[in-house]
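Quick notes on the structure that follows.
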Ligand SMILES: [Zn+2]
Ligand SMILES: [Zn+2]
Ligand SMILES: [Zn+2]
Ligand SMILES: [Zn+2]
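Numbering (our numbering), first residue to last: 1103 to 1207.
Here it is as structure tokens:
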């Protein structure tokens, strides 16, 4: 069985490692590449708490431009985690940037 590990990031994106081919994998002479057999499998060994840091990642983009927390409405967050609530103690919110959060304007 061919296997391919990937990291599942908190933003939902995945980063795939190079596949591990079993003896049933087929080699394509024309392209010079291996193709995984019918019993392929993708597994994740690690559930990653980080964001993927791809340029097209929505959550990374929110972080870059500043985000408003969907839980407590703290504005201008620039870290992974919320620094709110507004006027409250630091990090009392315990919310991490998610798809429900918005850009701060
Ligand atoms: Zn295989
Ligand atoms: Zn991402
Ligand atoms: Zn918050
Ligand atoms: Zn949120």
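Here a beta-carbon is modelled for each residue, glycine too, at the ideal position from N, C-alpha and C.
For residue 1108, no alpha helix (DSSP H) encloses it; the enclosing beta strand (DSSP E) starts and ends at 1105 to 1110. Remark: the shortest separation between the CB of residue 1200 and any heavy atom of ligand 2 does not fall under 6 Å. When the beta-carbon positions are compared, residue 1113 and residue 1161 come within less than 7 Å of each other.
Residue environment for residue 1153: buried (at least 16 other C-beta atoms within 10 angstroms of its C-beta). Contact between the segment 1137 to 1156 and the segment 1113 to 1128 is present: three or more C-beta pairs spanning the two stretches fall below 8 Å. A straight-line Cα-Cα distance of about 34 Å links residue 1193 and residue 1107. The beta carbon of residue 1135 is closer than 8 Å to those of 1129 in its chain, skipping five residues each way along the sequence. When secondary structure is reduced to three states using DSSP, residue 1118 falls in the strand class.
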